[in-house]
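Going down the list, the protein sequences come from chains Z and E.
Here the first sequence stands for residues 2 to 554, numbered as in this note's numbering.
Here the second sequence stands for residues 36 to 262, numbered as in this note's numbering.
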Amino acid sequence: MSGSGAVRLRSVAGGGSARGARRSLGGPWGVVRRVLLGARHRWRRSLRLRVVTTTMLLGVFAITVLGSVLHAQIANGLERSRVSNAQYEALALTAQAQAQWLNSTSASVDALNQAATDIVTRILAAPGPDPRRFVVLTRSVSNDSDIVLASVRTGAPDQSVVSPELQQALADDPTHQHTQLTEVTVDRSDGPVPAVVVGTVVEVPNAGLYDLFFIYPMEQEVATMALIGRAFVVAGATLTLLVGAVAWVVTRQVVTPVRRAGEVAQRLSSGRLNERMPAKGEDDLALLATSFNNMADSLQSQIRQLEGLSAVQQRFVSDVSHELRTPLTTIRMAVDVIHGNREEFVDASVARSAELLAGELDRFEELLADLLEISRFDAGAAALDVEAVDLRGTVESVVAAARPLAEKRGSPVSVLAGGVPAEAEVDERRVARILRNLVVNAIEHGDGRPVDIHVGVDDDAVAVVVEDHGVGLRPGEAANVFTRFWRADPARARTTGGTGLGLSISLEDARLHNGWLQAWGEPGVGSRFRLTLPRRAGSTLHASPLPLSPEDP
Amino acid sequence: MKGRVLVVDDDLALAEMLGIVLRGEGLDSEHVADGSSALEVFRGYRPDLVLLDVMLPGQDGLEVCRQIRAESGVPIVMLTAKTDTVDVVLGLESGADDYVVKPFKPQELIARVRARLRRGDEPEPERLGIGDLAIDVAGHSVTRGGEPLSLTPLEFDLLVALARKPWQVFTREVLLEQVWGYRHAGDTRLVNVHVQRLRSKIEHDPEHPEIVVTVRGVGYKAGQAGA
């Protein structure tokens with residue numbers, strides 16, 4: 002047990018140096034670390050914070066996924082409808098253009114060029130300044146006529162926006178429309194916008210096949226999608242906040258009663274058995290409150306019952322004590338009168354009987370006294386009567402009282418107390434009883450060798466070590482010496498006497514003080530008993546000022 | 036030394052045995068078995084000492100003790116089967132001078148009885164002062180400004196012991212030996228309780244004693260004269 006004390010000391014020292022290192026960090030990193038630690042602490046402490054945060058994170062995730070899918074579908078639909086509109090319009094315009102060409106009578110290159118410009122700008126180009134349609138007329142890849150007309154275009158885009166693949170596809174299959182999605186730059190300041198290009202073929206009289214490309218920029222659709230996107234973001238953020246707020250309100254409704262239950266439980270455990278939770282309504286929380294209150298009721302009644310049992314037990318001990326002691330007193334006095342007059346008995350055996358009777362009566366009384374003391378501890382009826390006492394004085398008076406026995410056994414008893422007062426708040430009667438027990442045991446088991454008593458004191462505790470150099474204790478016996486009626490050596494114990502309860506009572510006395518009573522021993526070397534008591538009544542011990550075994554520093 | 040002892044005990048065998056032992060010591064004794072008639076017998080017998088059992092039928096031993104104490108300072112030794120702090124302190128507070136725990140040895144009882152009866156020997160005429168009190172040792176009286184204070188013989192002895200050596204701090208053990216006559220370690224609670232009782236009679240403010248002063252961790256001493 003002294004080993005654990007040493008370990009505790011070392012661990013305390015370790016903690017101190019770690020704290021020092023942390024303090025020396027400081028600086029901005031220290032601030033960040035403190036903030037992080039604070040946040041982590043709040044995270045671990047607040048159920049509401051955790052619930053609200055998780056709910057909001059999940060909400061953001063769900064809204065993002067849902068928004069992306071919707072966004073993509075809307076974009077897709079807009080694009081499809083634009084493409085099909087473009088195709089229908091292109092089909093109609095192509096038919097119109099073809100009809101114009103067929104009615105045209107131009108034959109010269111100039112006239113044809115003029116006609117091409119006319120058709121493209123008057124019929125095919127969108128009316129007014131509407132930029133929603135651009136037209137490009139250009140010579141087909143497959144055209145091998147001698148007459149070459151110049152390309153005609155309306156607006157900024159020229160045939161460079163038309164991919165060679167589309168031109169090739171028109172050359173391969175001139176009877177059908179071909180559609181391509183691309184990007185065009187309508188206005189230099191806006192950058193490229195997506196566009197639909199529909200390509201068809203018209204036959205120009207005398208000049209062969211010419212490709213007619215209709216370019217529809219999707220500016221409107223892009224603007225619509227941007228608007229929808231913005232709306233989605235705003236709606237998503239609002240929804241997330243709303244979800245967070247709902248979670249906050251809901252957890253508040255649940256957490257508040259749970260917190261109240263926690264507070265009530267705390268008050269209950271601190272001994273206020275009449276505390277109950279308010280149980281209103283019929284919901285789950287009311288069920289919790291009702292069950293909690295039922296538990297408290299049952300706890301309270303059980304505790305009352307135990308208290309009652311304990312009171313009965315104490316009463317019984319007290320009654321037995323009185324009932325047994327009165328006749329025993331009479332017997333005691335009668336025996337003493339007989340024993341005092343034993344010289345007058347003619348028969349030697351009667352005189353001897355009187356002696357045996359007196360001796361055994363002593364043992365019987367001791368045993369009864371110890372049994373009653375133990376049962377008082379068991380019933381929880383033992384109470385401390387503390388006052389500030391200098392243990393050196395207690396040790397001295399105990400040693401003085403044990404002097405006759407020590408002289409009889411030939412064991413010199415020496416006290417090594419030091420000059421510092423070993424003052425502590427203790428019940429001196431009980432401490433003297435512990436020490437008397439330890440000293441008498443040491444003398445009786447000391448084989449006539451010296452008995453040393455050490456008194457030690459530090460800021461928190463006082464300790465007394467009683468050391469003999471007799472037979473000592475075998476391994477495992479140190480734990481057993483405090484067991485009731487335990488005897489180290491049954492054959493030897495008969496001669497040394499004692500009730501077998503002395504050390505058990507001492508241990509209970511030490512525990513009543515929140516103190517330690519520990520044993521150490523080695524065969525042939527001797528044994529040491531250490532009593533450690535807190536200097537302030539009711540405080541807890543952490544270490545003893547004296548080592549338990551002589552090997553410890 | 037002749038003495039008259041009143042035994043108040045409901046156990047007839049024990050009472051008879053006590054009578055035998057007391058007679059063997061040359062003391063006269065009278066027996067009463069129940070608490071209710073104890074006071075009456077006490078008045079008729081006028082004993083020098085009372086042996087009183089705590090547990091009595093009719094009337095509690097503590098109550099009997101209080102009644103006797105109300106009209107007499109005669110030494111009372113309690114016979115008790117209890118050793119719990121509360122019970123012993125209650126017994127002492129109700130006015131008992133000393134107590135013996137059953138089962139006791141006859142010699143132990145006789146020693147306690149003798150110690151209480153010993154004061155029959157006449158002391159030398161002696162006058163002492165402690166605080167603002169004047170003590171006439173031979174006359175067994177304590178006065179404050181001419182007004183007599185009523186103390187039991189034990190309280191008187193305790194006060195005289197402290198007043199005789201006002202420079203000395205008395206440990207509880209020393210007081211037990213000098214006042215109660217314990218040769219070996221006794222119960223120091225005897226001292227505590229009787230100091231409290233004494234203070235309640237002689238101090239102006241028993242909460243802040245000035246005549247019998249506590250020396251923390253050691254014991255008691257007489258306060259500074261005139262304090």
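Heads up, the beta-carbon is just placed ideally off N, CA and C, and yes, glycines get one too.
Item, Value
"Chain-ordered chain E contacts of Val-390 (chain Z) [CB-CB under 8 Å]", "Gly-252"
"Minimum C-alpha distance to Phe-191 (chain E) - residue among E:Gly-180, E:Ala-173, E:Gly-181, E:Glu-208", "E:Ala-173"
"Chain E contacts made by the segment 522–552 of chain Z, where a contact means CB separation under 7 Å", "none"
"Contacts around Ile-35 (chain E), its chain only, beta-carbon distance under 6 Å, and the 5 residues preceding and following it disregarded", "Chain E is shown from 36 up to 262; residue 35 (chain E) falls before or after that span and cannot be answered."
"Straight-line Cα distance separating Asp-379 (chain Z) from Leu-513 (chain Z)", "12 Å"
"Limits of the alpha helix (DSSP H) - the one that Ser-85 (chain Z) falls within", "48–104"
"Below-8 Å beta-carbon distance, Asp-337 (chain Z) vs any chain E residue", "yes"
"Interface flag, Ala-73 (chain E) vs chain Z, CB-CB below 8 Å", "no"
"Beta-carbon gap between Val-148 (chain E) and Leu-97 (chain E) smaller than 8 Å", "no"
"For Gln-259 (chain E), three-class secondary structure by DSSP", "coil"
"Glu-366 (chain Z) at chain E interface by Cβ criterion, 8 Å", "yes"
"Whole-number beta carbon distance between Gln-178 (chain Z) and Gln-1 (chain Z), since they are thought to touch under 8 Å", "Nothing can be reported for residue 1 (chain Z): it is not among the residues displayed for chain Z, which extend from 2 to 554."
"Span of the beta strand (DSSP E), counted from its first residue to its last, around Gln-519 (chain Z)", "517–523"
"Beta-bridge pairing of Phe-135 (chain Z) - partner residues as DSSP gives them", "Z:Ile-216"
"Unbroken beta strand (DSSP E) run spanning Val-414 (chain Z), endpoints", "414–417"
"Residues bridged to Asp-35 (chain E) [DSSP beta-bridge criterion]", "Nothing about residue 35 (chain E) can be reported from this structure: the residues present for chain E run from 36 to 262 only."
"Option nearest Gly-130 (chain E) by Cα separation, candidates E:Leu-225, E:Pro-138, E:Gly-254", "E:Leu-225"
"Residue-level contact to chain Z via CB, Pro-82 (chain E), 8 Å cutoff", "no"
"Any C-beta of chain Z under 8 Å from that of Met-113 (chain E)", "no"
"Exposure of Gly-309 (chain Z), with buried meaning 16 or more beta-carbon neighbours within 10 Å", "exposed"
"Neighbourhood of Ala-423 (chain Z) by C-beta, 7 Å cutoff - its chain only, sequence neighbours within 5 removed", "Asp-391, Leu-392, Arg-393, Val-456, Val-458, Val-463"
"DSSP bridge partner residues for Val-197 (chain Z) (one or two, in chain order)", "Z:Leu-182, Z:Tyr-217"
"Endpoints, alpha helix (DSSP H) assigned at Ile-444 (chain Z)", "429–445"
"Test: Leu-48 (chain Z) CB closer than 8 Å to a CB of chain E", "no"
"Cβ contact (3+ pairs, closer than 8 Å) linking the segment 531–542 of chain Z and the segment 58–72 of chain E", "no"
"4-residue-minimum alpha helix (DSSP H) runs that sit fully inside the segment 173–231 of chain E, ordered along the chain", "188–199, 207–210"
"Cβ shell of Asp-171 (chain E) (< 7 Å), same chain only, five flanking positions each side left out", "Arg-162"
"Close Cβ partners of Arg-101 (chain E) (< 7 Å) along its chain, the five nearest in sequence each way excluded", "Ser-129, Gly-130"
"Spatially closest choice to Glu-397 (chain Z) from Z:Arg-316, Z:Ile-64, Z:Val-414, by CA coordinates", "Z:Val-414"
"Partner residues on chain E for Leu-329 (chain Z), Cβ-Cβ distance less than 9 Å", "Lys-137, Pro-138"
"Alpha-carbon to alpha-carbon, Asp-147 (chain Z) and Arg-140 (chain Z)", "12 Å"
"Whole-angstrom distance between Val-123 (chain E) and Pro-241 (chain E), CA atom to CA atom", "22 Å"
"Through-space distance from Asp-212 (chain Z) to Thr-201 (chain Z), alpha-carbon basis", "6 Å"
"Inter-residue spacing [alpha-carbon to alpha-carbon] between Leu-186 (chain E) and Ala-169 (chain E)", "13 Å"
"Status (buried if at least 16 other CB within 10 Å, exposed otherwise) for Arg-24 (chain Z)", "Below a pLDDT of 50, predicted positions are generally treated as unreliable, and Arg-24 (chain Z), at 47, falls in that range; no measurement from the model is reported."
"Residue-chain proximity (Thr-249 (chain E), chain Z), Cβ-Cβ < 8 Å", "no"
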